[in-house]
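Undergrad:
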Amino acid sequence: MNAVVSVAYAFDKDAFLSAARARFDQDHGDVGADAESFLLQVWGDALAEDMGALSLEDTAALASSFWGLGRERPGEKIKIRVRSGEGADGRDLGRDILEVVGQDRPFLVDSIMGEIASQGLDVIAMFHPVIQVRRDEDGTRVASGGRCVPESMIQVHLDPLSDAVRERLEAGVRATLSDVRDAVEDWSDMRAQMDEAIEHLSKARTQAGREELDEALSFLQWLRDNHFTFLGCRTLRFGIDENGKLKGEPQVDAGAGRGVLRDPGRHVLRQSAEPLLLSPAIEAYMNSPSPVIVAKANMKSRVHRRVYMDYIGVKRYREDGQVIGETRFVGLFTAEAYDQMAREVPLIRRKVRRVLEKAGKAPGSHSAKKLQNIVENYPRDELFQTGEDDLLEISLGILHLYDRPRTKLFMRRDPFDRFISCLLFVPRDRYNSKVRAEAGEEIRKAFDGRLSAFYPRFGDGPLARVHFIIGLDPFSHPEPDPVELERRIVALARTWEDDLHGAARASRDAELRRAVTRYVGGY
């Protein structure tokens, strides 16, 4: 039988409402229906474990001050402030308060909490009433008449902050909410832009084969069907010389940017790497048959999830099939996109099928089933971005690890040379956070880069996996010997038992080897 976990509220509901109404009557006059809804939601968010030493009266005073912040909100203005928390008697409560009042939109809470976390701040408590208010032409809250507006009121309690941190937090939240506004307001336009890109590609003369083109079109339609959160898009046009070669810098269509790419100064790739028309990687992509590219943008999302955005590029063609531009979409794959089996996802499914065919494992055999499982559990972002040949080589390498578990490093370079993606496998009994941290630092130093992210994974098998992303200075970084780098990482995961086994094997004494095996095995 499943245990029922009850919610421990900090205060008795009737007692809180009584105290809060009295405070509101003192500060704002009569409590209307909108304020009553606000107070009920504040009480529902006031959990005992979050409130600490705050009294009922202190909480009512904080709520009243917060309600006062939203009294006037002209037009589409978002009101933001960071202040010291004051109790009912004016004393310092030992916590700072971030408050936001604005139009209710998707992604608000996730985005604000992501900004707080990115600044290394700890959250003590969070309140999020969503209310229907009426405002007159000047934006003043009124009891009747005016326009009805759904509003989010977000209050976050934090440890005490310095003045500099308060300013930085307010600026960060303001920039975050600006991105949220742009992405939400332009959502329909971006979907329409995707529809136009699909229509254009379906009629274009491309170098892609029929199967590849159909798969690309299926993928774009799949993205549109709620598998991609559109955050920005723009179209770029390329200059073409008399020989049909790309020339000069691409031009962004004036006013064509949407979402977080409204600002033409914000680049999908690194400032120093966009555009890189003379880069062999860029030219190779633009001249390749593939009509679509999937990669990581250089921009981290401020909206919804604080991660590097996914970048989908759809080529633009002239009537004769010459590539003349690209429509770029940035955003985030949805949870449904990650939950779906790889063999069902357009673009990935073709790649997976071809890799399994090239591997040549007998259908239904142990190796074929294991390889299928390896590919299905491959990091989803990597499946989108890794070429068939690299995926085949790495997947077969992982398959061999399961026959003889050992420490092994696989690396893939971003085609724009912005990062190295590393999959490190370590026997489960050798893996710990110290090995992970030291291995990540070893890789970072080898490339003179930045440890941008790491993602550990523990399955049921004998190996632990860590996916490292190492940010690079494009085209200006060391090129370490992969064999030597792996040797150093293997050494980090070695134990004294490994050294003992190694010494026994080196002795060529069969009896000694058997004795060491019995000793290490504890029998």
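Letter by letter, the sequence shown follows residues 0 to 522 in numbering that gives the first Met the number 0.
The C-beta atom is built at its ideal place from N, Cα and C for all residues, glycine as well.
All figures in this text were calculated on a predicted structure; none of them were measured in a lab.
1. When DSSP labels each residue in this structure, what does residue 455 get in the three-state scheme?
2. Mapping DSSP to helix, strand and coil, what is residue 321?
3. Tell me the rounded alpha-carbon separation between residue 434 and residue 75.
4. Name the DSSP bridge partner or partners of residue 309?
5. Output needed for residue 488: all residues of its chain with C-beta closer than 8 Å, excluding positions within five of it in sequence on either side, in chain order.
6. Considering only the alpha carbon of each residue, which of 330, 72, 150 and 119 lies closest to residue 158?
7. Quick check: what's the CA-CA separation for residue 101 versus residue 312?
8. Provide the residue span of the alpha helix (DSSP H) that contains residue 228, from first to last.
9. Name the DSSP bridge partner or partners of residue 422?
10. Report the rounded CA-to-CA distance for residue 177 versus residue 393, giving the unit in angstroms.
11. Among 229, 342 and 284, which residue has its Cα nearest to the Cα of residue 309?
12. Decide if residue 290 is buried, meaning its Cβ has at least 16 other Cβ atoms within 10 Å, or exposed.
13. Could you tell me which of 360, 70, 266 and 231 sits nearest to residue 399, measuring between CA atoms?
14. Would a C-beta distance cut-off of 8 Å place residue 358 and residue 391 closer than the cut-off?
15. Kindly indicate the opening and closing residues of the beta strand (DSSP E) around residue 6.
16. Could you tell me whether the stretch 204–219 touches the stretch 244–252, where touching means 3 or more Cβ pairs closer than 8 Å?
17. Assuming residue 98 is part of the beta strand (DSSP E), what are its boundary residues?
18. Please name the residue in 351, 96 and 379 whose C-alpha comes closest to that of residue 161.
19. What's the C-alpha gap between residue 188 and residue 258?
20. Taking the beta carbon of residue 139 as the centre, do at least 16 other beta carbons fall within 10 Å, making it buried, or is it exposed?
21. Using the Cα positions of residue 171 and residue 452, report the straight-line distance between them to the nearest angstrom.
22. Report back the beta-carbon spacing between residue 327 and residue 267 to the nearest angstrom; my notes put them in contact at under 8 Å.
23. Could you tell me which residues DSSP puts in a beta bridge with residue 369?
24. Going by the DSSP bridge assignment, what does residue 557 pair with across the sheet?
25. How long is the line joining the alpha carbons of residue 110 and residue 29, rounded to whole angstroms?
26. Quick one: grab the DSSP three-state call for residue 360.
27. Nearest by alpha-carbon distance to residue 115: which of 90, 103, 164 and 93 is it?
28. Can you list the beta strand (DSSP E) stretches of 3 or more residues lying completely in the stretch 155–217, in chain order?
29. Do residue 462 and residue 419 have their beta-carbon atoms positioned less than 8 Å apart in this structure?
30. Using the Cα positions of residue 528 and residue 214, report the straight-line distance between them to the nearest angstrom.
TA: If we stick to the structure as given:
1. strand
2. coil
3. 50 Å
4. 295 and 330
5. 406, 408, 423, 438, 441 and 442
6. 119
7. 34 Å
8. Run containing residue 228: none in the alpha helix (DSSP H); it sits in the beta strand (DSSP E), 227–239.
9. 409 and 466
10. 41 Å
11. 229
12. buried
13. 360
14. yes
15. Careful: residue 6 lies outside any beta strand (DSSP E) and carries neither H nor E.
16. no
17. 91–102
18. 96
19. 9 Å
20. exposed
21. 21 Å
22. 5 Å
23. Looking at the DSSP assignment, residue 369 forms no beta bridge with any residue, so it has no partner.
24. Lying before the first or after the last residue shown, residue 557 is absent from the chain, which here runs from 0 to 522.
25. 34 Å
26. coil
27. 164
28. none
29. no
30. Any question about residue 528 goes unanswered here, given that the chain covers just 0 to 522.
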